Structures are given as C-alpha cells and as structure tokens.
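Please read the structure below before turning to the comments.
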Amino acid sequence: MTGPAPAQLRPLRATGTPAVLAAFHAGTVGMADPAEVTDDASARAYVDGLVQAEGTDAVAVVERGTDTLIGLVAVVRDEAHGTGALTAWLHQGWRGDAIMSRAATTVTDAELAEGGLERIELAHRADSPTAGAVARAAGLRHEGTQRGRLRTGGRRLDVHLYGRLAADPLPEERVRPLPWASDARPWADR
C-alpha cells in the first residue's frame, strides 16, 4: 500500500453517536451485541459508556480527511494486573483492507509501549475467524479455546483466547500501523 492510509486513530468523542448507529445498522458481524445499539438514544449510551468509563481506553478509527468514525478499538484495563482486554469493530463498508488489523496493531503496540500495560488479550467467538486474524496481526498468540463459553440463541459457542505480553517478540510479518490524528491518547491523563 502506498500513499497515506485511508484511516487514522484518535480518542473516541461523544460526537460519534450517528456513525456508531450507522455502523450497527449496516452489519453487526464481529460487533457488540446488536441489540445494544438500535436507535439514537442507545447509540449515545454506548458511546458515552465508553468515553466515560474509568479504565477503558476507547480509540476511534476515523476516515482520513473527514474524521467520520468508521470503527472502534477499545481496551478495558485491569490496572491491578497490568492487563487489558481488547475489543474492536469496523463498519461493514470499510472491511477488507486490513484497516482493523492495522488499528488493533497500533493500539496494542501503543498500550504496551506507552500505556503502561504488560499484557493485552482478546477473546472472540470461534465462529468469527476474522477476529482471530485481527488478533494475530496485532501480535497476539492463540492461547486456547474455552469450550461452550457463551450461550446465544439457545446454543453454546466456543471462544478463542489470544494474548500478547510486552516482552513477546513481534511477528516477522507485520501490518503497517495506522497513524494517529494527533498526539492525544486515551490513557494520557492516567
């Protein structure tokens, strides 16, 4: 890929609610519970919950040039253990160009280098192989499978767990990180 990246990162702001609602309406594969965001009020509550949550670093993936929110990477921090749980989603219309892999890589690298965390982990449903690809692109290693971990629609689903320690060697082949829109980071005030 040559030229500037089509997307960049910045801390999530409360102004992202219309884009969040549009993303949930466009397709919810790999996203939070689709019932969670159904209208303006629930989209606002979703964004406010992330922005205001103590211990959550919410990073907006935005279109370069327009600053329109197209995805999200969040890390829920456990300060007592120096760990963080990574979650991410990307608007359906932007999938397929490794944007989420690049965003997750950038946030994971920054959390481990600048954010004070020693471990990042990601757990995903076994029927979502794209989430596993994003985890591997960010340097997380598959650590195991939790059999029957979730129940949805009356059936049990397995969950794959990935993790990366700050001291882990980086993968030989890496995706290019996405640029940050500015020096602002969600964890800067900690």
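So the sequence shown is numbered by the numbering used here: it starts at 963 and just counts up by one.
C-beta atoms are modelled at their ideal positions from N, C-alpha and C, and glycine is treated no differently.
Quick caveat, the model's predicted, so the values are computed rather than measured.
Assuming His1122 contacts Gly1094 under a Cβ cut-off of 8 Å, what Cβ separation, rounded to an integer in Å, is found between them?
With 8 Å as the limit, His1122 and Gly1094 qualify as a contact, their Cβ atoms being about 6 Å apart.
What residue range does the alpha helix (DSSP H) around Gly1027 cover?
First-last for Gly1027: undefined, no H or E at that position.
Return the chain-ordered list of same chain residues with a C-beta closer than 7 Å to the C-beta of Thr1030, the five sequence neighbours on each side being excluded.
If we look at Thr1030 and ignore the five residues flanking it on each side, its Cβ neighbours are Ala981, Val1024.
Would you mind sorting Asp1019 into buried or exposed? The rule is 16 or more other CB atoms within 10 Å of its CB.
Counting Cβ neighbours within 10 Å, Asp1019 comes out buried, since at least 16 surround it.
What three-state label does DSSP hand Val1069 in the structure shown?
Helix at Val1069.
Go through the region 1072-1103 residue by residue and report every complete run of the beta strand (DSSP E) that reaches 3 residues or more, in order.
Whole beta strand (DSSP E) segments, 3+ residues: 1081-1087.
Could you please give me the residues that DSSP links to Ala1050 through a beta bridge?
Ala1050 pairs with Val1035.
In terms of alpha-carbon separation, which member of Gly1106, Thr1068, Thr1000 lies closest to His1086?
Nearest C-alpha to His1086: Gly1106.
Taking one C-beta from the region 1037-1047 and one from the region 1066-1080 each time, how about it: are there three or more such pairs within less than 8 Å?
Yes, the region 1037-1047 touches the region 1066-1080.
Quick one: grab the DSSP three-state call for Arg1105.
In the sequence on display, residue 1105 carries Glu and not Arg. In this structure, Glu1105 counts as strand in the three-state DSSP scheme.
Along the chain, where does the alpha helix (DSSP H) containing Leu1012 start, and where does it finish?
Leu1012 -> alpha helix (DSSP H) spans 1002-1014.
In this structure, what does DSSP give as the bridge partners for Ala1020?
DSSP, once it has assigned bridges, lists Ala1036 as partnering Ala1020.
Give the secondary structure of Met963 by DSSP, where H, G and I count as helix, E and B as strand, and everything else as coil.
Bear in mind that the predicted position of Met963 carries a pLDDT of just 48, short of 50, making it too unreliable to give a figure here.
In angstroms, rounded to a whole number, what distance separates the CA positions of Leu1048 and Ala1066?
In a straight line, the C-alpha of Leu1048 is about 8 Å away from that of Ala1066.
Are Leu1119 and Asp1089 touching if we call contact CB-CB under 8 Å?
Yes, the Cβ-Cβ distance between Leu1119 and Asp1089 is below 8 Å.
When the Cα atoms are used, what is the spatial distance from Arg975 to Ala988?
Taking the straight line joining both Cα atoms gives about 21 Å.
What does the Cβ neighbour count give for Gly970, buried or exposed, with the cut at 16 atoms within 10 Å?
Correcting the residue identity first, residue 970 is Gln in this sequence and not Gly. Its Cβ being crowded by 16 or more others within 10 Å, Gln970 is buried.
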